[in-house]
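Working notes for the structure below.
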Amino acid sequence: MKLSPILTTMLISALNGTFTRAFTRQISQSRAISSTQTQTLFLSSTAAEAPIEAPIEAHKTAPPKRILSGVQPTGTIHLGNYLGAIRQWVELQRNSDNEKDESLFCVVDLHAITQPQDPKELGESTLMSAAIYLAAGIDPKKSKVFVQSHVPAHSELGWLLTCVTPMNWLERMIQYKDKAEKIAKNGGGGDNSSGVGVGLFTYPVLMAADILLYGATHVPVGEDQRQHLELCRDLVRRFNDKYCKGNAYKKRCKKAGMPTYPVFREPEAMIQKVEGTARVMSLTDGTNKMSKSDANDYSRINVLDDPAVIRDKIKKAKTDAFVGLEWDNAERPEATNLLNIYLAVQPPKEEGGLSKEEIADQVKDMSWGDFKPILAEAVVAHLEPIQKAYKEIRDNDTYLNDVLKDGADAANEIAMSKVKAARFAMGFAQPSS
Numbered sequence: 247m248k249l250s251p252i253l254t255t256m257l258i259s260a261l262n263g264t265f266t267r268a269f270t271r272q273i274s275q276s277r278a279i280s281s282t283q284t285q286t287l288f289l290s291s292t293a294a295e296a297p298i299e300a301p302i303e304a305h306k307t308a309p310p311k312r313i314l315s316g317v318q319p320t321g322t323i324h325l326g327n328y329l330g331a332i333r334q335w336v337e338l339q340r341n342s343d344n345e346k347d348e349s350l351f352c353v354v355d356l357h358a359i360t361q362p363q364d365p366k367e368l369g370e371s372t373l374m375s376a377a378i379y380l381a382a383g384i385d386p387k388k389s390k391v392f393v394q395s396h397v398p399a400h401s402e403l404g405w406l407l408t409c410v411t412p413m414n415w416l417e418r419m420i421q422y423k424d425k426a427e428k429i430a431k432n433g434g435g436g437d438n439s440s441g442v443g444v445g446l447f448t449y450p451v452l453m454a455a456d457i458l459l460y461g462a463t464h465v466p467v468g469e470d471q472r473q474h475l476e477l478c479r480d481l482v483r484r485f486n487d488k489y490c491k492g493n494a495y496k497k498r499c500k501k502a503g504m505p506t507y508p509v510f511r512e513p514e515a516m517i518q519k520v521e522g523t524a525r526v527m528s529l530t531d532g533t534n535k536m537s538k539s540d541a542n543d544y545s546r547i548n549v550l551d552d553p554a555v556i557r558d559k560i561k562k563a564k565t566d567a568f569v570g571l572e573w574d575n576a577e578r579p580e581a582t583n584l585l586n587i588y589l590a591v592q593p594p595k596e597e598g599g600l601s602k603e604e605i606a607d608q609v610k611d612m613s614w615g616d617f618k619p620i621l622a623e624a625v626v627a628h629l630e631p632i633q634k635a636y637k638e639i640r641d642n643d644t645y646l647n648d649v650l651k652d653g654a655d656a657a658n659e660i661a662m663s664k665v666k667a668a669r670f671a672m673g674f675a676q677p678s679s
């Protein structure tokens, strides 16, 4: 099956169901990948963003990178998830300049269950999300696609870190407070103490485990996730100070043939705003992000929506009474949002795609009645090949299951080395080989 490629960037976000992570890993060429290898990971090769530990000898070519990203399987994947994350992964995969680069894209179902999920729908949503990754252009020959819960290391390291996390650290998390209030208002139990599961309270620790399993030193994050990354850094310091210091630790390591350096290293935040990747906002309110959790399905365009549904949603999208269309007028958030969507779904320039300047000139004197049908047809045309590829993938369960198994096996091999090191540092009895 030939799947069409598309476009991307590296980012991490966990707002409204989107949970994306990306990081790079420079691999020392003098050692095999094992629990004894020194790992140096970063996103930039500039001196200002050099790795924390001693620099590695310069390479003639760019060092290999490892990228991990994911989206929650809650509801259906919408245009914001696709344009803000999945399409960018495809471009990252396509533009790799090193055949040793590694990309892993997961469906983060363990994060999804921090809020109630229908057991009859969770499995289907998970498979749907993975199939959309592939339909959008993720190539399993170049990248690994897996389900988070299929790699036990995520759960285990999450638990190990939970046991060393002070409760008051989690009580400071702003997103927990915000989400807990929303759940309570939506009838989740009447108040925060009874209506919110412990998983929502502790999920930042699982996020930290996700990051640390793959050894990032620099993680690009959205500003809304900066606090969670700071928690991750605090956990690294606490774990290493508690379990990885002193002669006793070094002697144990040497006796067991384990490396004597600390298990984890602190990841650095990289707050990035990538040129040309505007946030996709709600169709019913241009000041709010397009979200899976919005009760109104007309607030979003889902990747798998029928063309007729897409046209109707855009026809009914909120607009304003101004004459002509324009970008970046603070009084016209809906105009900016719909124009951003139109720009994002343009075909390549050689296929007739328009630039932002050309679109601005095209729409400056248009009415909403003239523009909306043009926007609708552009969105329908952009999503059509993805929907077609998705149907082909879902008609072949064996193919999809094989892709997910291969991806989980590859991810597990990487992640378990870090879990084993954490177990050893904490003093667990080691299984016999």
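The opening position of the sequence shown corresponds to residue 247 in the numbering used here, with each subsequent residue numbered one higher.
All C-beta atoms, glycine included, are put in the ideal place defined by N, C-alpha and C.
Computed from a predicted structure; not experimentally measured.
In this structure, residue 404 and residue 526 do not form a Cβ contact; the two beta carbons are roughly 30 Å apart against a cut-off of 8 Å.
Inside the segment 491 to 521, DSSP marks whole alpha helix (DSSP H) runs of 4 or more residues at positions 492 to 502, from first to last along the chain.
Taking every protein chain shown into account, the CB of residue 394 has 16 or more other CB atoms within 10 angstroms, so this residue is buried.
With contacts defined by Cβ atoms closer than 8 Å, residue 627 and residue 397 do not form a contacting pair. Between residue 510 and residue 549 a beta carbon distance of about 36 Å is seen, past the 8 Å cut, so the two are scored as non-contacting.
In this structure, 324 is the residue among 324, 311 and 312 with its C-alpha nearest to the C-alpha of residue 542. In the structure shown, the three-state DSSP call for residue 578 is coil. Beta-bridge annotation (DSSP): residue 527 is paired with 535. A contact is defined here as three or more CB-CB pairs under 8 Å, and the segment 615 to 622 meets this definition with respect to the segment 569 to 589.
The Cβ atoms of residue 339 and residue 349 lie closer than 8 Å to each other.
Under the Cβ criterion (8 Å, minimum of three pairs), the segment 574 to 581 does not count as touching the segment 590 to 598. When Cβ pairs closer than 8 Å are counted between the two stretches, the segment 555 to 567 is seen not to touch the segment 644 to 658, the count staying below three.
Between the segment 657 to 672 and the segment 371 to 389, the count of C-beta pairs closer than 8 Å stays below three; the two stretches do not touch.
Per DSSP, the unbroken alpha helix (DSSP H) holding residue 356 starts and ends at 355 to 358. If you draw a 10 Å sphere on the C-beta of residue 351, you find 16 or more other C-beta atoms in it, and that means buried. The criterion of a C-beta distance shorter than 8 Å is not satisfied by residue 640 and residue 376. Between residue 610 and residue 561, the alpha-carbon positions lie close to 19 Å from each other.
Counting every other CB atom within 10 Å of its CB across the protein chains shown gives residue 478 a total of 16 or more, marking it as buried.
Below 8 Å, enough C-beta pairs join the segment 352 to 368 and the segment 445 to 462 to call them touching: three or more.
When the five nearest sequence neighbours on each side are left out, the beta carbons in the same chain lying within less than 7 Å of the beta carbon of residue 490 are those of 508, 509 and 671, in order along the chain. Excluding sequence positions up to five before and after residue 450, its CB lies within less than 6 Å of the CB of 419, 474 and 477, all in the same chain and listed in chain order. When beta bridges are read from the DSSP output, residue 312 appears opposite 348.
Collapsing the DSSP output to three states places residue 390 in a strand.
Looking at the DSSP output, residue 548 bridges to 324. Here the alpha carbons of residue 601 and residue 572 stand approximately 14 Å from one another. When secondary structure is reduced to three states using DSSP, residue 665 falls in the helix class. Here residue 410 is not bridged, per DSSP, to any residue. Assignment of beta-bridge partners to residue 317 by DSSP yields 353. A distance below 8 Å separates the beta carbons of residue 656 and residue 390. With fewer than 16 other CB atoms across the displayed protein chains lying within 10 angstroms of its CB, residue 673 is exposed. Around the beta-carbon of residue 327, 16 or more other beta-carbon atoms lie within 10 Å, marking it buried. Straight across, the Cα-Cα distance linking residue 529 with residue 460 is about 37 Å. For residue 450, the enclosing alpha helix (DSSP H) starts and ends at 444 to 459. Runs of the alpha helix (DSSP H) lying entirely within the segment 612 to 660 and spanning at least 4 residues, in chain order: 614 to 640. Distance from the Cα of residue 454 is smallest, within the candidate group 332, 635, 636 and 512, for 512. For the set 500, 362, 554 and 538, the Cα lying nearest the Cα of residue 667 is the one of 500.
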